[in-house]
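Undergrad:
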Amino acid sequence: HMPVAVIPVLGELPTEVNITTRRDAGSWLVPDNTAIEITDLTSTFHGPAPATITTEMLSQDPTNTDPYDNLNDGTTFWTSVTVNPGDLWFVAQITASEAPDIDLFVGLDTNGNGPELGEELCASTTSSWTEICEFDNPTPGDWWVLVQNWQESDNPPDEVTLATASVPDADAGLMWVEGPAAVPPGQPFDLRVYWDGTGLLSEGLVWYGIFDLGTDPGNPGNLGSAPVTLSRVADDVTKSVDNAAPNPGDTLTYTITVQPNVTNEDLSYMLTDTIPDGLTYVPGSASASFGTVDVVGNQLTWTGTMVLPGYTYQIATSDTDPGGCTAPLATDGAYVDLAAYGITPDPTVFGDTVDYSVNPTGGPFSFFGEYQGELIHFTDDGFAFFEPSTPGAQPWVNEPIPTAGDPDNLMAMFWRDMEIVYDAGTNRGVTIANLTSGGQPVAVVIEYDDVEDWPAGGNPTYDFELVAYYEPDPGEYEYVFAYNNLTGDVTAGTIGLENADGSAGVQYAYNDIAVTDGMAVCFDFAPVVQEPATITYQVTVDQNACGTLSNEVVHDTDNPGSMPAMTQADVTVECGGAQLTLDYTYYTRGGGTISGTLSFYDDGTYMDESGGMGAWQFIPNPPRIRFIYTDGSRCGAISQGHYAGNLQVQGYWACTDGSGRWGTWDASIVTGFENGIPTTPLGAEALPAFK
Numbered sequence: 009h010m011p012v013a014v015i016p017v018l019g020e021l022p023t024e025v026n027i028t029t030r031r032d033a034g035s036w037l038v039p040d041n042t043a044i045e046i047t048d049l050t051s052t053f054h055g056p057a058p059a060t061i062t063t064e065m066l067s068q069d070p071t072n073t074d075p076y077d078n079l080n081d082g083t084t085f086w087t088s089v090t091v092n093p094g095d096l097w098f099v100a101q102i103t104a105s106e107a108p109d110i111d112l113f114v115g116l117d118t119n120g121n122g123p124e125l126g127e128e129l130c131a132s133t134t135s136s137w138t139e140i141c142e143f144d145n146p147t148p149g150d151w152w153v154l155v156q157n158w159q160e161s162d163n164p165p166d167e168v169t170l171a172t173a174s175v176p177d178a179d180a181g182l183m184w185v186e187g188p189a190a191v192p193p194g195q196p197f198d199l200r201v202y203w204d205g206t207g208l209l210s211e212g213l214v215w216y217g218i219f220d221l222g223t224d225p226g227n228p229g230n231l232g233s234a235p236v237t238l239s240r241v242a243d244d245v246t247k248s249v250d251n252a253a254p255n256p257g258d259t260l261t262y263t264i265t266v267q268p269n270v271t272n273e274d275l276s277y278m279l280t281d282t283i284p285d286g287l288t289y290v291p292g293s294a295s296a297s298f299g300t301v302d303v304v305g306n307q308l309t310w311t312g313t314m315v316l317p318g319y320t321y322q323i324a325t326s327d328t329d330p331g332g333c334t335a336p337l338a339t340d341g342a343y344v345d346l347a348a349y350g351i352t353p354d355p356t357v358f359g360d361t362v363d364y365s366v367n368p369t370g371g372p373f374s375f376f377g378e379y380q381g382e383l384i385h386f387t388d389d390g391f392a393f394f395e396p397s398t399p400g401a402q403p404w405v406n407e408p409i410p411t412a413g414d415p416d417n418l419m420a421m422f423w424r425d426m427e428i429v430y431d432a433g434t435n436r437g438v439t440i441a442n443l444t445s446g447g448q449p450v451a452v453v454i455e456y457d458d459v460e461d462w463p464a465g466g467n468p469t470y471d472f473e474l475v476a477y478y479e480p481d482p483g484e485y486e487y488v489f490a491y492n493n494l495t496g497d498v499t500a501g502t503i504g505l506e507n508a509d510g511s512a513g514v515q516y517a518y519n520d521i522a523v524t525d526g527m528a529v530c531f532d533f534a535p536v537v538q539e540p541a542t543i544t545y546q547v548t549v550d551q552n553a554c555g556t557l558s559n560e561v562v563h564d565t566d567n568p569g570s571m572p573a574m575t576q577a578d579v580t581v582e583c584g585g586a587q588l589t590l591d592y593t594y595y596t597r598g599g600g601t602i603s604g605t606l607s608f609y610d611d612g613t614y615m616d617e618s619g620g621m622g623a624w625q626f627i628p629n630p631p632r633i634r635f636i637y638t639d640g641s642r643c644g645a646i647s648q649g650h651y652a653g654n655l656q657v658q659g660y661w662a663c664t665d666g667s668g669r670w671g672t673w674d675a676s677i678v679t680g681f682e683n684g685i686p687t688t689p690l691g692a693e694a695l696p697a698f699k
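The sequence shown begins at 9 in the numbering used here and counts up by one.
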């Protein structure tokens, strides 16, 4: 879990703000802060510092217990970062990896020869790839950052991305914080972090910064500080076309895609798509997977709301993830015995059908994407819950997950009918401990020792525990259940998590429990996969279209600070392309047929399907096309004909001098002409003269 970098001192402010965005400008809501009285809110921003992004391909280090023995051999890489005097925060972070386990090491290069163990100041070596090293008020100088592929994927080498930055004590003018000017003491208030990276941000870039808050201009930082990480991911709105090189008369399908919401608020979108000259909208062809689409003239508009995704948890066990799914400081497999650290059961916690609560003072807990307050309730029947839920009318009766009705907001570690017995001599009861990182609370541990099947007095006993982290952390587990010393049949009971209203949850087991001593079941916070919004429509390519036609979509959202952005899809129509294409069937003098296609080009030439070529011209009175083969092909082969749709085409063919053939056609029924006149009339004087 990511260590806390900067903490508030006179209020309950965020310990960090992690922003994920698809747009170059906008804002991020930071809700429910508290502080002493604010008379004139003052904020100062340091940075942001754009991260240097380094991407390398790495195979697994064959000697992964020693990252320093084979530098830059394709299993590790390192880079150097200069920290300037006065810099406030130095960060090195793995932002993406194809390998499941990457380790990160950072040190101050005191002798200029790169990484070595004696200079190491940080080793981030969790069982995942989401590693980070960070330093407040770092020592100026040259630092090295070393990345190691500890465990490769099934398809090495693996792409690994590192972000490094050192945040200066200066405002770059790209991010700022706003909130209410005055707030009474203790009253919750919202903050909003803004950014404007127009022309600077793009997919894959990361910004790091720090903001300070003060009660008034005379005390500009007395409320505290918080680090900010802004990660720019793929664009939210994209546009595509099914044929980028059409011919006149072709029908094209455009698709606009609005990606799922990655912010912490619902986003309402407004899109305007302008169809350029050379393309004509096909009436009635516009549709959208949701939202409202409308077309007036050459403009299509769409409005719709990309709601916040629901959240769930992905389940793992210490068997499927032996290195990652474990209680912290585990003493027996994935189980931590708090007694091994001198922490003993609470003598006030015991009994049957009882409900206790604990406030670990680390702030509110995040659960299914919502903050649930600071209290955790726990019962003798092997489950815990957040308010406003209650234990329910019959807490001893375990239920499947999800089930509407209390208990909701539920953490069912080992839900069955049990009783807590306290005995100091045998270490029986419930033990509670805080887990800290950098001196700050990050999780609570509630351990049940020798809890007994009801009624107590000679029945089987069980050890199990809940580890609950306050904040979600990518790549880490937010809730861990661990088990040990299971002396009875564990089959009956429920294990899983359930949301606040009982409408959704994740169930590991219901009356088919198969946990064993030293085992853990872990829950990793994850958004429910959402489908993007798709808007489609069709156009036809005009007969006179020529060159590159750019179809632009301007889009914006109702997110404060959002700025209009544009995306486009281009098609290129070859100038001099076919002005009309005619499918035909001709009847030969001998009674046979010849079928094919004639393509008439706007430079006065035409070509048939076999490559035969000639010249043509439009004759306005009476309206007709006159054409002749100039390459001697098919002389005398055709006497009359028609084209697809059984519409007769008047005309005749005959050899003139043995090297060509000519014909006159009724142009009024040929596609591409209106009332007998080409959509782009070609004057006879512009075409070759022929008999």
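By construction, the Cβ of each residue, glycine as well, lies at the ideal position given by its N, Cα and C atoms. Quick caveat, the model's predicted, so the values are computed rather than measured.
Give the single residue among Gly466, Pro408 and Leu66 whose Cα lies nearest to the Cα of Gln159.
TA: Working through the sequence shown from its first residue, we reach residue 159 at position 151. Closest option to Gln159, Cα to Cα, is Leu66.
Undergrad: Along the chain, where does the beta strand (DSSP E) containing Ile384 start, and where does it finish?
TA: Taking the sequence shown and counting its residues from 1, the one referred to as residue 384 is at position 376. Ile384 to Thr387 is the span of the beta strand (DSSP E), which, as asked, contains Ile384.
Undergrad: Since Pro268 sits in a beta bridge, which residues does DSSP pair it with?
TA: Counted from its first residue, the sequence shown places residue 268 at position 260. BP columns for Pro268 are empty, so no partner.
Undergrad: Would the beta-carbon of Asp258 fall within 8 Å of that of Val549?
TA: Along the sequence shown, one-based indexing puts residue 258 at 250. Along the sequence shown, one-based indexing puts residue 549 at 541. Yes.
Undergrad: For Asn92, does the count of other Cβ atoms within 10 angstroms reach 16, so buried, or fall short, so exposed?
TA: Here residue 92 refers to the residue found at position 84 when the sequence shown is read from its first residue. Exposed, since its Cβ has fewer than 16 Cβ neighbours within 10 Å.
Undergrad: Leaving out five residues on either side along the sequence, give the residues of the same chain with a beta carbon under 8 Å from the beta carbon of Pro355.
TA: Along the sequence shown, read from residue 1 onward, the residue named residue 355 stands at position 347. Cβ neighbours of Pro355 beyond the five flanking positions: Tyr430, Ala432 and Gly437.
Undergrad: Spatial neighbours of Gln546 within its chain, please: CB distance less than 6 Å, with the 5 preceding and 5 following residues excluded, ordered by chain position.
TA: Along the sequence shown, one-based indexing puts residue 546 at 538. For Gln546, where only same-chain residues beyond five positions count, the Cβ hits under 6 Å are Thr259, Thr261, Val290 and Ser293.
Undergrad: Touching or not, the region 359-374 and the region 447-463, by the rule of three or more beta carbon pairs under 8 Å?
TA: yes
Undergrad: Just to confirm my understanding: we take Asp665, look at its own chain, exclude 5 residues before and 5 after, and list those with CB closer than 7 Å. What are they?
TA: The count along the sequence shown starts at 1 and reaches residue 665 at position 657. At Asp665 the pLDDT is 46, less than 50, meaning the model places this residue with poor confidence; the figure from the coordinates comes in the next sentence. Taking C-beta separations shorter than 7 Å and ignoring five residues to either side along the sequence, Asp665 has no partners in its chain.
Undergrad: For Thr387 and Thr439, I'd like the C-alpha separation in whole angstroms.
TA: Counting from one through the sequence shown, the residue named residue 387 turns up at place 379. Counting from one through the sequence shown, the residue named residue 439 turns up at place 431. Answer to the nearest angstrom: the Cα atoms are 13 Å apart.
Undergrad: Can you list, in chain order, the residues of its chain whose CB lies under 8 Å from that of Val245, leaving out five sequence neighbours each side?
TA: Your numbering for residue 245 matches position 237 in the sequence shown. Contacts found: Ile264, Thr265, Val266, Gln267, Tyr277, Leu279, Val561, His563, Ala573 and Thr575.
Undergrad: Does the distance from the C-beta atom of Ile61 to that of Leu213 stay below 8 Å?
TA: For this step, residue 61 is matched to residue 53 along the sequence shown. For this step, residue 213 is matched to residue 205 along the sequence shown. Yes, the Cβ-Cβ distance between Ile61 and Leu213 is below 8 Å.
Undergrad: Alpha carbon to alpha carbon, how far is Ala8 from Leu418?
TA: Past the boundaries of the shown model lies residue 8; the chain is included only from 9 to 699, so the question cannot be answered.
Undergrad: CA-CA distance, Asn26 and Trp215?
TA: What you label residue 26 is simply residue 18 of the sequence shown in a count that begins at 1. What you label residue 215 is simply residue 207 of the sequence shown in a count that begins at 1. Their backbone Cα atoms lie some 10 Å apart in a straight line.
Undergrad: Smallest Cα separation from Thr118: which of Val99, Val89, Gln101 and Ser105?
TA: What you label residue 118 is simply residue 110 of the sequence shown in a count that begins at 1. When C-alpha distances from Thr118 are compared across Val99, Val89, Gln101 and Ser105, the shortest belongs to Val89.
Undergrad: Where does the unbroken beta strand (DSSP E) through Ser233 begin, and where does it stop?
TA: Residue 233 sits at position 225 when you count from the first residue of the sequence shown. Looking at the DSSP string, the run of the beta strand (DSSP E) that includes Ser233 is Gly232 to Arg240.
Undergrad: Do you know how far the Cα of Glu395 is from the Cα of Ala401?
TA: Position 393 of the sequence shown holds residue 401. Position 387 of the sequence shown holds residue 395. Cα to Cα, Ala401 sits roughly 16 Å from Glu395.
Undergrad: Restricting to Cα atoms, I'd like to know which of Glu486, Pro408 and Gly120 is closest to Asn519.
TA: Numbered from 1 along the sequence shown, position 511 holds the residue referred to as residue 519. For Asn519, the nearest C-alpha among the options comes from Pro408.
Undergrad: Taking Ile384 and Pro193 to be in contact with their CB atoms under 8 Å, please state how far apart those CB atoms are, rounded to whole angstroms.
TA: Taking the sequence shown and counting its residues from 1, the one referred to as residue 384 is at position 376. Taking the sequence shown and counting its residues from 1, the one referred to as residue 193 is at position 185. In fact, because the Cβ distance is near 27 Å, the residues do not count as touching under 8 Å.
Undergrad: Have a look at Pro235 and Leu96 and give me their C-alpha separation to the nearest angstrom.
TA: As a first step, residue 235 must be located in the sequence shown, where it is residue number 227. As a first step, residue 96 must be located in the sequence shown, where it is residue number 88. The straight-line gap from Cα to Cα measures roughly 10 Å.
Undergrad: Buried or exposed for Gln551, going by 16 or more other Cβ atoms inside 10 Å?
TA: Here residue 551 is taken as the residue at index 543 of the sequence shown, counted from 1. With at least 16 other beta carbons inside 10 angstroms of its own, Gln551 counts as buried.
Undergrad: Who are Asp109's beta bridge partners in DSSP?
TA: Taking the first residue of the sequence shown as 1, we reach residue 109 at position 101. Answer by DSSP bridge pairing, in chain order: Gln159.
Undergrad: What is the DSSP secondary structure of Ser647, reduced to helix, strand or coil?
TA: As a working mapping, residue 647 is identified with position 639 in the sequence shown. For Ser647, the predicted model reports a pLDDT of 33, less than 50, meaning its position is unreliable; a value from the coordinates is still stated below. Note: Ser647 maps to coil in three-state DSSP.
Undergrad: Would you mind stating whether Ala512 and Pro410 have Cβ atoms separated by less than 8 Å?
TA: Here residue 512 corresponds to residue number 504 of the sequence shown, with the count starting at 1. Here residue 410 corresponds to residue number 402 of the sequence shown, with the count starting at 1. For Ala512 and Pro410, yes; Cβs fall inside 8 Å.
Undergrad: Ignore the nearest five residues each way along the sequence and tell me which others in Asp329's own chain have a CB closer than 8 Å to its CB.
TA: Indexing the sequence shown from 1 puts residue 329 at position 321. Hits under 8 Å: Ser135 and Cys530.
Undergrad: May I ask you to list the residues that DSSP assigns as paired with Thr313?
TA: For the purposes of this step, residue 313 is taken as the residue at position 305 of the sequence shown. Answer by DSSP bridge pairing, in chain order: Ser276.
Undergrad: On the premise that Ala180 lies in contact with Pro56, defined as a C-beta separation below 8 Å, what is that separation, rounded to the nearest angstrom?
TA: Start at 1 with the first residue of the sequence shown, and residue 56 comes out as number 48. Start at 1 with the first residue of the sequence shown, and residue 180 comes out as number 172. Pro56 to Ala180, Cβ: 6 Å. Contact.
Undergrad: In this structure, does DSSP put Glu506 in helix, strand or coil?
TA: As a working note, residue 506 is residue 498 in the sequence shown. In this structure, Glu506 counts as strand in the three-state DSSP scheme.
Undergrad: Can you list, in chain order, the residues of its chain with a C-beta nearer than 6 Å to that of Met183? Leave out the 5 residues immediately preceding and following it.
TA: The residue you call residue 183 lines up with position 175 of the sequence shown. Same-chain partners within the cutoff: Phe53, Pro56, Trp203 and Gly217.
Undergrad: Cα-Cα, which of Gly622, Asp578, Phe219 and Trp137 is closest to Pro284?
TA: Reading the sequence shown from its first residue, position 276 is the one you call residue 284. Selected option, being the one with the closest Cα: Asp578.
Undergrad: So the beta strand (DSSP E) Ile323 belongs to, where does it begin and stop?
TA: Here residue 323 refers to the residue found at position 315 when the sequence shown is read from its first residue. Where Ile323 is concerned, the enclosing beta strand (DSSP E) stretches over Tyr319 to Thr325.
Undergrad: Could you give the distance in angstroms between the alpha-carbon of Thr282 and the alpha-carbon of Glu378?
TA: For the purposes of this step, residue 282 is taken as the residue at position 274 of the sequence shown. For the purposes of this step, residue 378 is taken as the residue at position 370 of the sequence shown. Going from the Cα of Thr282 to the Cα of Glu378 covers about 40 Å.
Undergrad: List the DSSP bridge partners of Ile543.
TA: Along the sequence shown, one-based indexing puts residue 543 at 535. Answer by DSSP bridge pairing, in chain order: Ile264 and Ala296.
Undergrad: Give the DSSP-derived three-state secondary structure of Ala490 in the structure shown.
TA: For this step, residue 490 is matched to residue 482 along the sequence shown. The answer is strand: DSSP assigns Ala490 an E or B state.
Undergrad: Taking only three categories from DSSP, how would you classify Glu127?
TA: If you number the sequence shown from 1, residue 127 lands on position 119. DSSP places Glu127 in helix when its eight states are reduced to three.
Undergrad: Return the chain-ordered list of same chain residues with a C-beta closer than 6 Å to the C-beta of Thr87, the five sequence neighbours on each side being excluded.
TA: Along the sequence shown, one-based indexing puts residue 87 at 79. Counting only Cβ-Cβ distances below 6 Å, and skipping sequence neighbours, we find Thr62 and Val153.
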